[in-house]
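Visitor: Numbering (my numbering), first residue to last: 60 to 386. Before I ask anything, here is the structure I am working with.
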Amino acid sequence: MTMDADEIALLTDSLRATMTGSTGDALDHALLDFGWLDLLTETPEVAIPLVFRLLGETGAHAPVLNDVIARAAGRDLPATVALPFTGGRWMMWERTVVAPSSPAATPVTAADPGPDPTGRAAPGPGGIQPDAVDPADRSTADARLDADGVSGGTDPTASQSFSAAPGLDPELPLRRVPAGETLPLAEGRRALAWWLAGTSRAMLNLARRHALDRVQFGRPLAAHQAVRHRLAETLVAIEGAEATLTTADTDLGALLAKAAAGHAARIAARHCQQVLGGIGFTAEHDFHRHARRALVLDGLLGSAAELTREAGAWVRTRAAAPRLAQL
60 MTMDADEIAL LTDSLRATMT GSTGDALDHA LLDFGWLDLL TETPEVAIPL
110 VFRLLGETGA HAPVLNDVIA RAAGRDLPAT VALPFTGGRW MMWERTVVAP
160 SSPAATPVTA ADPGPDPTGR AAPGPGGIQP DAVDPADRST ADARLDADGV
210 SGGTDPTASQ SFSAAPGLDP ELPLRRVPAG ETLPLAEGRR ALAWWLAGTS
260 RAMLNLARRH ALDRVQFGRP LAAHQAVRHR LAETLVAIEG AEATLTTADT
310 DLGALLAKAA AGHAARIAAR HCQQVLGGIG FTAEHDFHRH ARRALVLDGL
360 LGSAAELTRE AGAWVRTRAA APRLAQL
């Protein structure tokens, strides 16, 4: 099924209105009623960029990342899966909407396999030894994120275990679990990259509006060159991250796109906080919600720092770098 520009514009407006009016479980229900699963199955090239970018721009959230990863793994939908998180941890994005008859309705978790006796993570399915990863970034065994787009390590006989995940975005229903299944991550990384891009644009819009509206000593903040430079640098980072998504068809491309989007989101959070000044620290302002969201999304399926090192290990092992774009 193909969609023309008018249909996509209408779909965008409808989804934006839905996300503006609801979030969390309510949005999960609304998206399922909207036809999210059909859209994901029939036109993923439209569904993933559109839905996840709008989640970022509106500040809403829903556990639809589960569906993207489960679909890539050939699972029944809707689903819930364990997600690798930075530092060798695993998270479950909980949801109340699942198919009771589906095997994917039961979250599958496993005991932590423990660190390698040598202190290094085991090679991933692509044979990559991620020796470039700083041990300080990983609390136990490596989360086994590699450029082949697979997360690894599971004992299907292990018992389920949930624990709270303190310090994360309190709005997101993320729970820590011991470990998870081996599932392909490329589609999930592309989805998160779009979400991060949308979140970055939301932060940029807040800072830009503040710079235009705020007047100090008779001049708007936007009149100062230093402020304009911060906003311009943020826009360049976001545009660059979105550009990588146009060539993210391969597993390595998806890995690099997620890394670029995470890097752009951190730049946006840092620069926009400087532009907003004290108001950006307050609970009354929306900025802190987007900034915290960006930090959590960056950590899911590998942080920008981890994935950059993984890509470097991938290239070093093969002694060659693939051409990802025709320049």
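Here a beta-carbon is modelled for each residue, glycine too, at the ideal position from N, C-alpha and C.
Rounding to the nearest angstrom, what Cα-Cα distance links residue 353 and residue 298 in this structure?
Guide: Looking at the two C-alpha atoms, the distance is approximately 16 Å.
Visitor: In this structure, does DSSP put residue 255 in helix, strand or coil?
Guide: Here residue 255 sits in helix by DSSP.
Visitor: Taking the DSSP output, what are the residues bridged to residue 144?
Guide: Residue 144 is bridged to 148, 359.
Visitor: What does the alpha-carbon distance come out to for the pair residue 289 and residue 260?
Guide: Computed Cα separation, rounded: 14 Å.
Visitor: Which residue wins for smallest C-alpha separation from residue 315, given the options 376, 120, 381?
Guide: The candidate whose alpha carbon is nearest that of residue 315 is 381.
Visitor: My assumption, with CB atoms under 8 Å, is that residue 125 sits in contact with residue 95. Please give the rounded CB distance.
Guide: Residue 125 to residue 95, Cβ: 12 Å. No contact.
Visitor: Just to confirm before moving on: does the CB-CB distance between residue 256 and residue 313 stay below 7 Å?
Guide: No.
Visitor: Taking only three categories from DSSP, how would you classify residue 233?
Guide: Looking at residue 233 - three-state DSSP - the assignment turns out to be strand.
Visitor: Quick check on the DSSP output: the alpha helix (DSSP H) that includes residue 306 runs from which residue to which?
Guide: Neither: residue 306 is in no alpha helix (DSSP H) and is coded neither H nor E.
Visitor: Excluding the five sequence neighbours on either side, which residues of its own chain have a C-beta within less than 6 Å of the C-beta of residue 332, listed in chain order?
Guide: Result list for residue 332: 339, in chain order.
Visitor: So, helix, strand or coil for residue 334, using DSSP?
Guide: Residue state, collapsed to three classes: helix.
Visitor: Output the distance between the C-alpha atoms of residue 281 and residue 322, rounded to the nearest integer angstrom.
Guide: Distance between the alpha carbons of residue 281 and residue 322 is about 24 Å.
Visitor: For a quick check, are the C-beta atoms of residue 238 and residue 373 less than 7 Å apart?
Guide: Not in contact: residue 238 and residue 373 (Cβ atoms no closer than 7 Å).
Visitor: Within 10 Å of its beta-carbon, does residue 133 have 16 or more other beta-carbons around it, so buried, or fewer, so exposed?
Guide: Counting Cβ neighbours within 10 Å, residue 133 comes out exposed, since fewer than 16 surround it.
Visitor: Please state if the CB of residue 325 and the CB of residue 228 are separated by a distance shorter than 7 Å.
Guide: No, the Cβ-Cβ distance between residue 228 and residue 325 is not below 7 Å.
Visitor: In whole angstroms, what is the alpha-carbon distance linking residue 129 and residue 242?
Guide: Whole-angstrom Cα-Cα distance: 8 Å.
Visitor: Enumerate in chain order the residues of its own chain whose CB-to-CB distance from residue 246 is below 6 Å, with the five nearest sequence positions on each side excluded.
Guide: Here the set comprises 127, 131.
Visitor: If we ignore side chains and look at the alpha-carbon of each, how far apart do residue 109 and residue 71 end up?
Guide: Near 7 Å, if we compare the C-alpha coordinates of residue 71 and residue 109.
Visitor: If you draw a straight line from the alpha carbon of residue 275 to that of residue 269, how long is it in whole angstroms?
Guide: Rounded to the nearest angstrom, the two C-alpha atoms are 12 Å apart.
Visitor: With 16 other CB atoms within 10 Å as the buried threshold, where does residue 213 fall?
Guide: At residue 213 the pLDDT is 39, less than 50, meaning the model places this residue with poor confidence and gives no usable figure here.
Visitor: Hey, quick one: how far does the alpha helix (DSSP H) through residue 88 stretch, first residue to last?
Guide: 83-93 is the extent of the alpha helix (DSSP H) around residue 88.
Visitor: Report yes if the C-beta distance between residue 119 and residue 78 is below 7 Å; otherwise report no.
Guide: Their beta carbons are under 7 Å apart, which means residue 119 touches residue 78 by this criterion.
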